[in-house]
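**Student:**
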Amino acid sequence: MSAPHPSQQAFEAAKNAFKQSLKDENLFGKLLATTSVEQVYEAVQDIQASAHVERRLRHLGKIRTFIEKLTEYVSVVDTFVQVKPDILALIWGPIRLLVVWTSSITKFADAVTDAMEKIGDALPHALRSANIFDDNDKLKALLELFYKDILDFYIIALKFFSLSRSDLVFEAVWPKQRNKIDVVVSNIKRHTTLMRSEVTMQHISAEHEFRDKCLAHFDHETDFQELQRFQTLKIRVSPRIYDDRLDWLLNRSSKNSAEWLVADNIFRGWLDISNSAVRLLWLHGIPGAGKTFLSAAAIDEAKTRHRTLFVFVSHIYQNSTTARSILQSLLFQLAFDVKDAQSLLVESNERELLGSTRHVLGLLRTLLGTPTAGPTYIILDGLDEMEVVERGILLQQLTDLESCPELKILISSRREDDIASTLGAKATEIRVDKRNSDSIQSYINQRTQDWIRTANFEQEIRNRVERLLAPVAKNANGMFLYARIILDNAETCNGLEEIERELRVLPVDLHDAYHRILARIGQSSSTLRHKAMLILGWIGSSPIPMTRHEMEQALLVDSSSNAAPAVIAEVNFVHICGPVIEVVDDSLQFVHFTVKEYIFSREVSGFIDHAEANHSLTKTLLSYLCSGAFDAALPDEKLQENILAGIYRLHWYATSQWVVLVRRCVEKSKDLSAYPDLLELLTHLVLELRSHSFNGQVDFNDRVIRAMVPDRPEISQFVCGILQFRQDDRQADWNYTNSCTWVGLDPSVMSFTSTRIYERLEELLCQERKHRNPPNCFCATLHRHYGTKIFKCSYPSCSLNRSGFLTREGCKTHIGTHSRPWKCRDARCLYATIGFSSKRDLHNHWQKLHESPQPAGLVNLTEHCFSRDELKVLVFELTKAGDVDGLRNITPYLERQREVVWPALLLAAKMGSLPIMEILSQFFQIWDEPDFFGALVKSENPTLFRLSLDKLCEKYPSNGKYPVHNYGSLAAEAFSTSSPELYAEWEDFLLDPARQLNSTRAPAGLMSETLDWDPLSFDEVQALIPHFRKLSVVFSKGVFSAVKKDALFETRLIQTWHRLIEVVGPLDPRFLGWSLNMLARSSSHSITMAAELLRLGALINFPRGWEGVIEEVQVSSEESKCRQRYDGKGKGVARRLVKRYKGITALHYASRATSEQAAQFARFLLEQGADPKYGWADVTPAEEKGAILMQKWLGESWDEVLARTKEARQERKREQGGESGNGLDEDEDEESSKPKRHRNGRKRQKCESDREEDEDEQLFPPS
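With UniProt numbering applied, the sequence shown corresponds to residues 1 to 1263, in that order.
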């Protein structure tokens, strides 16, 4: 048998290389199943037969040339090379599969056929070209070259389209593949030029080598550029990555402490991706049970199996930890090793990525659903350490990810009620503190042996220490933290007697252990005690963790001195404060968040006042800033002297956090009248540090800062200017090397001085591997004052400008990732230098500012060119396409065309398009339309939402004649939005007293008996809640019904109540009683909200009883006339309002409803002391249908509940001083609450009609 010809071997080698690149035996087998062009045509025709005619013609036309040229090519190869059938099958098989795969999605099909069209155009006519060559070897070599080119195209397309991708991922990833196909097209075109007789084998061999290099170079360059852009984006978003925290935990984990979890069947079922029964696992337990260390062990185990994304939430960063920041972290962790994810992020909308929780979740869900992500674990520890509303949002978002088939989620937290209500029905649970007793004992044994070995105790002392520590594991009751605190305390003791005194009687629980530590601090000298309380208070009140270097200088700041202090000695913080704090990566923090809860608890003797700690830290920072160290005129020599003396240890923290702390003080006290020392320091700060080179304009308004010093506007203006500067969208591009372009935007000289400090510090530092000779080397001094990570990022907005790098090279590499690679090609444009972080942003910028496309056909139109229906369709389609310029061109034809504009306006609202809304709203004032409210909230565009609220205030000012329509509908939509950003805008609007709105008239149901004859007065309500026209909706029936569908919405609403109280002060108990009444009338019947209203002081029996009486006031005739004129019903209005007022209690309303939830609500009110004697129109709550159904729903009758709750009612009466509405005692109570037989049928009938009429009435009726 003769050996194969070299050309046949070359084709075989190309086939094998293709197979190896494909990495899919099954797919390779499918490709070989198609052996002829007829099978390709058959597949195409089958697909076309089921498609639209136009689509068939378009697709067939595109690939015809490609197929015809391949047919010629196959014929020539078969004639001159005579290869095996499987070689030629690789010509036809990929076409058939690609066409079939992409046939169902037009966008994908177009991409494939466009690429085939390009390849077809580039390929030569093989039959014509074959006649050129006399030398068959040269022809065979060229045919082999084209074979490789064709397979290059196939491998690119097959790898891409073999994986299912969403449209979003396709749009981000396909352009790179398309560009790579263009390289193949270029290769084919270049190889076509070799189809001439004078070409030598040397030329052809060179092309073989060059072809390989072209594709390799393309991959290298595009991967590098995309990685650079990804790194740039990562810097701008700054997601928190937790690898260091994981490493820290694993290095400090007790040996074998997590073995029980790894061996647990439930946990192993969760690890098994194929086990769909355990998708969501919840590790929960008491504080200090070691859940975080177990989470670290779970992450370590999961990483050995599949991709693992993880987060360690900490109370230390509670102020900056949001649902969005957690999702951003997960998204970037996923993108680190998934190329599709990097491409998607780079091409995504950066503004949305930075500011929209929903957008980030959508990207994460899209990527987790793609095959490239593969099986994935998400592990989230410390959920309970997030702020309540944020963790509710996060839980809701994580629940949305359950649709991803190969995703498993593990959550670790305390069993808080709000978390349990969400996870209880969905998650499989493992309670940690009931399973870890052996692990705690092992930990104690290990720590004890380490201590004994280090201390070198004698044998007798060893035995005594071991006996003293023997009960610790039992007393720990599942708390690792308890054991740690006991051991840490014991190790600080000096001598056996002190050890025995500490361990002879062990603390009862964790709080008792903390108490001992605080008691020991209290027994120390006054100087150490004061310092310890400052440290603990500042750690607990600092917005971000302070480093030990910052704390060391802060403790030395003296408000009576005009000089910044220099630090000459280190501070042993653990020795001063005890083992409740620790130093992690040079940052001070509590060992557990329960320490913070304990030391700030007012129930603890010797507690630290949180407000006072915040005040003292604020005063310290302002005193430091006023010390002269930031004087713009400071000589260079003095600046260098200050740097070397450590004067600027506190610099970064003070300049970035003083505004945050001042704002907290103002929020607590409403203004600075309670802090005259801070007002004095702020006055000094404005005088000393105001920049005379400020060239910006302060138009930033902050509700809290505006109220800070009403009679000193220059201070408020200065602070608002600082806040505006800090929130400038451009700050990500501000660099100390280009400071001249942006320091003038800072109203203070702090940025100017910070630039000088950075530049001088860079000069003082030696080059990395070559230190200057003493005494010109200052590195040791600088390390002592500013830490080992002395090389700082030059971008002040970057977190690494504070934390720094160990090496100059590492810092330099990092700074390079801040660049924005996409530059505008117009040299006159600012963005020709600054650039953009994504190609999409550059494209949008170019279209918007450097191109002025005019829609064809609109210039010479007249109003007669369109019928009204045609114009309506045109406006809608232009809006749908987002064509702002097109809409501007047709605005002359939209005058007096309200019905034409209305559908497009609603669409624009849903799209969240602010430019289109601004164009179309001039023809239709949509701002108070209920349909618009729904579309607006669904858009989740906070900017558009804020504009709409401002428009409402302009149209319906608080002193205006008429109130806004449908305000309750807006409130219901806003309170039930799932967008955190939108809700934040809504809450800011509600709580901003400057944004007044005439939203509603006085609620008639709040009136006292006086109002039976004068129901039009507004004054009673004004006395009950400030700014009632806008704020009363927070407690309305419609809002209660809207938030009932989600526990998160309820929690968020309750938090808004508390923020409202911070702004306007405590609410009148009668108003809160009315709110409870509204809650009972709504469909919500939420016990959570009822409990909170009662906790805030709501009168449970409102409006009955002596406590519900409202003082009589005089009603103005103008208000009365205005009301009657607006309703247009004259005297009938007064009669209707008198009838509307009813003294029905919340309990009575709840007993009318017939649902199980209403029965539980009524039972709750009775348990809280609600009085069942208060009926209406001779009907008591006991006679209502809901009361009768209580036995069915709850398993106990109304009378049984009454008997059980008798003591609660007596207790509430005692709290109210024994007063009651009618003087009935408890026995009379019971008698009056029993059902009565109605002898007068007409009376009973009247009672029923009153009830029916009342159901539709509102205590806050719409105007």
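For every residue, glycine included, the Cβ atom is placed at its ideal position computed from N, Cα and C.
Because the structure is a prediction, the values reported are computed rather than measured.
So which of Q48, V686, V666 and V571 has the shortest CA-CA distance to S623?
**Tutor:** Taking the first residue of the sequence shown as 1, we reach residue 623 at position 623. Checking every option, the nearest Cα to that of S623 belongs to V686.
**Student:** Reducing DSSP to helix, strand and coil, say where S978 ends up.
**Tutor:** Position 978 of the sequence shown, counted from the start, is the residue given in the question as residue 978. S978: coil per DSSP, three-state reduction.
**Student:** Thinking A473 and I430 are a contact (beta carbons under 8 Å), I'd like their distance in whole angstroms, please.
**Tutor:** Within the sequence shown, residue 473 is the residue found at index 473, counting from 1. Within the sequence shown, residue 430 is the residue found at index 430, counting from 1. Not quite, the Cβ-Cβ distance comes to about 21 Å (not below 8 Å), so this is no contact.
**Student:** Check whether the Cβ atoms of residue 1265 and A122 lie closer than 9 Å to each other.
**Tutor:** What is shown of the chain runs 1 to 1263, which leaves residue 1265 out entirely.
**Student:** Could you tell me if H575 is buried or exposed, where buried requires 16 or more neighbouring beta carbons within 10 angstroms of its beta carbon?
**Tutor:** In the sequence shown, the residue the question calls residue 575 occupies position 575. By the 10 Å Cβ count, H575 comes out exposed.
**Student:** Taking DSSP's pairing of strands, which residues face V311 in a bridge?
**Tutor:** Position 311 of the sequence shown holds residue 311. In the DSSP output, where bridge partners are listed per residue, V311 has L380.
**Student:** Grouping DSSP H, G and I as helix and E and B as strand, with all else coil, what is residue 1338?
**Tutor:** Because residue 1338 is not part of the residues shown, which for the chain are 1 to 1263, the question remains open.
**Student:** From which residue to which residue does the alpha helix (DSSP H) around I266 run?
**Tutor:** Residue numbering aside, residue 266 sits at position 266 when the sequence shown is read from its first letter. DSSP places I266 inside the alpha helix (DSSP H), whose first and last residues are N265 to L271.
**Student:** Between the stretch 404-424 and the stretch 370-379, are three or more C-beta pairs nearer than 8 Å?
**Tutor:** yes
**Student:** What residue does the alpha helix (DSSP H) around H785 start on, and which one ends it?
**Tutor:** Start at 1 with the first residue of the sequence shown, and residue 785 comes out as number 785. C779 to Y786 is the span of the alpha helix (DSSP H), which, as asked, contains H785.
**Student:** To which residues does DSSP link T547 through a beta bridge?
**Tutor:** Walking along the sequence shown from the start, residue 547 turns up at place 547. The partner list for T547 (beta bridge, DSSP) reads S587.
**Student:** Where does H615 fall in DSSP's three states?
**Tutor:** Taking the first residue of the sequence shown as position 1, residue 615 is located at position 615. Looking at H615 - three-state DSSP - the assignment turns out to be helix.
**Student:** Please state whether the Cβ-Cβ distance between T668 and A707 is less than 9 Å.
**Tutor:** Here residue 668 refers to the residue found at position 668 when the sequence shown is read from its first residue. Here residue 707 refers to the residue found at position 707 when the sequence shown is read from its first residue. Per the sequence presented here, residue 668 reads as Lys, with Thr not at that position. Not a contact, by the Cβ cut-off of 9 Å.
**Student:** What ranges does the alpha helix (DSSP H) occupy inside the stretch 2-39, keeping only unbroken runs of at least 4 residues that lie completely in it?
**Tutor:** 6-22 and 25-32
**Student:** Alpha carbon to alpha carbon, how far is S605 from Q1114? Give it in angstroms, no decimals.
**Tutor:** Along the sequence shown, read from residue 1 onward, the residue named residue 1114 stands at position 1114. Along the sequence shown, read from residue 1 onward, the residue named residue 605 stands at position 605. Residue placement at Q1114 cannot be trusted, given a pLDDT of 39 that sits under 50; the coordinates are not used to answer.
**Student:** Quick one: any contact between the stretch 616-634 and the stretch 557-565, if contact means 3 or more CB pairs under 8 Å?
**Tutor:** Between the stretch 616-634 and the stretch 557-565, the count of Cβ pairs shorter than 8 Å is three or higher; the stretches touch.
**Student:** For G1175 versus H1148, is the C-beta spacing smaller than 9 Å?
**Tutor:** The residue labelled residue 1175 in the question sits at position 1175 within the sequence shown. The residue labelled residue 1148 in the question sits at position 1148 within the sequence shown. For G1175 and H1148, yes; Cβs fall inside 9 Å.
**Student:** When burial is assigned at 16 or more other CB atoms within 10 Å of the CB, is P6 buried or exposed?
**Tutor:** For the purposes of this step, residue 6 is identified with residue 6 of the sequence shown, where counting begins at 1. Its Cβ having fewer than 16 others within 10 Å, P6 is exposed.
**Student:** Under the rule that 16 or more other beta-carbon atoms within 10 Å means buried, what is I568, buried or exposed?
**Tutor:** As a position in the sequence shown, residue 568 is number 568, starting the count at 1. Taking every protein chain shown into account, the CB of I568 has fewer than 16 other CB atoms within 10 angstroms, so this residue is exposed.
**Student:** Under 9 Å, do P543 and Q657 count as touching if we go by C-beta distance?
**Tutor:** The residue you call residue 543 lines up with position 543 of the sequence shown. The residue you call residue 657 lines up with position 657 of the sequence shown. Yes. Within cutoff.
**Student:** Let me know the alpha helix (DSSP H) ranges lying completely inside the stretch 1057-1084, each 4 residues or longer, listed in chain order.
**Tutor:** 1069-1081
**Student:** For K107, which residues does DSSP report across the bridge?
**Tutor:** Position 107 of the sequence shown, counted from the first residue, corresponds to residue 107. Assignment of beta-bridge partners to K107 by DSSP yields no partner.
**Student:** Cα-Cα, which of L368, S978, V557 and V873 is closest to I393?
**Tutor:** Along the sequence shown, read from residue 1 onward, the residue named residue 393 stands at position 393. Nearest to I393 by C-alpha distance, out of L368, S978, V557 and V873, is S978.
**Student:** Flag this pair as touching only if the stretch 295-307 and the stretch 448-467 have three or more C-beta atom pairs under 8 Å; answer yes or no.
**Tutor:** Judged by Cβ distances under 8 Å, the stretch 295-307 makes no contact with the stretch 448-467, as fewer than three pairs qualify.
**Student:** Quick check: what's the CA-CA separation for A984 versus K1192?
**Tutor:** Position 984 of the sequence shown, counted from the start, is the residue given in the question as residue 984. Position 1192 of the sequence shown, counted from the start, is the residue given in the question as residue 1192. Each residue's Cα considered, the two are about 42 Å apart.
**Student:** What separation, rounded to the nearest whole angstrom, lies between the Cα atoms of N1222 and A1177?
**Tutor:** One-based indexing of the sequence shown puts residue 1222 at position 1222. One-based indexing of the sequence shown puts residue 1177 at position 1177. Low per-residue confidence applies at N1222: pLDDT is 37, beneath 50, and the placement is therefore not dependable, though the value from the model is reported in the following sentence. Rounded to whole angstroms, the separation of the alpha carbons of A1177 and N1222 is 16 Å.
**Student:** Buried or exposed: which applies to D149, given that a residue is buried once 16 or more other Cβ atoms fall within 10 Å of its Cβ?
**Tutor:** Looking up residue 149 in the sequence shown gives position 149. The residue in question, D149, is buried, as its Cβ has 16 or more Cβ neighbours within 10 Å.
**Student:** Name, in chain order, the residues that DSSP records as bridge partners for E429.
**Tutor:** As a first step, residue 429 is located in the sequence shown; it is residue number 429 there, counting from the start. E429 pairs with W282.
**Student:** Using the DSSP secondary-structure output, state which residues sit across from K770 in a beta bridge.
**Tutor:** Translated into the one-based positions of the sequence shown, residue 770 becomes position 770. K770 pairs with Q767.
**Student:** Would you decide whether T1145 is buried or exposed? Buried here means 16 or more other CB atoms lie within 10 Å of its CB.
**Tutor:** Start at 1 with the first residue of the sequence shown, and residue 1145 comes out as number 1145. Per the 10 Å Cβ criterion, buried.
**Student:** If you follow the alpha helix (DSSP H) that S541 is part of, which residue opens it and which one closes it?
**Tutor:** Walking along the sequence shown from the start, residue 541 turns up at place 541. S541 -> alpha helix (DSSP H) spans S526 to S541.
**Student:** Between E597 and P915, what straight-line distance do the alpha-carbon atoms span, to the nearest angstrom?
**Tutor:** Your numbering for residue 597 matches position 597 in the sequence shown. Your numbering for residue 915 matches position 915 in the sequence shown. Straight-line Cα distance between these residues: approximately 48 Å.
**Student:** Return yes when the Cβ of G120 is within less than 9 Å of the Cβ of E68, no when it is not.
**Tutor:** Taking the first residue of the sequence shown as 1, we reach residue 68 at position 68. Taking the first residue of the sequence shown as 1, we reach residue 120 at position 120. Yes, the Cβ-Cβ distance between E68 and G120 is below 9 Å.
**Student:** What do you reckon, are the CB atoms on I1087 and F1164 nearer than 9 Å?
**Tutor:** Residue mapping note: residue 1087 aligns to position 1087 of the sequence shown, counting from 1. Residue mapping note: residue 1164 aligns to position 1164 of the sequence shown, counting from 1. It is a contact, given that the beta carbons lie within the stated cut-off.
**Student:** Alpha carbon to alpha carbon, how far is E385 from residue 1324? Give it in angstroms, no decimals.
**Tutor:** Residue numbering for the chain in the displayed model covers 1 to 1263; residue 1324 lies beyond these limits and cannot be assessed.
**Student:** How is the beta strand (DSSP E) around K408 delimited, first residue to last?
**Tutor:** The residue labelled residue 408 in the question sits at position 408 within the sequence shown. Segment L407 to S413, the beta strand (DSSP E) holding K408.
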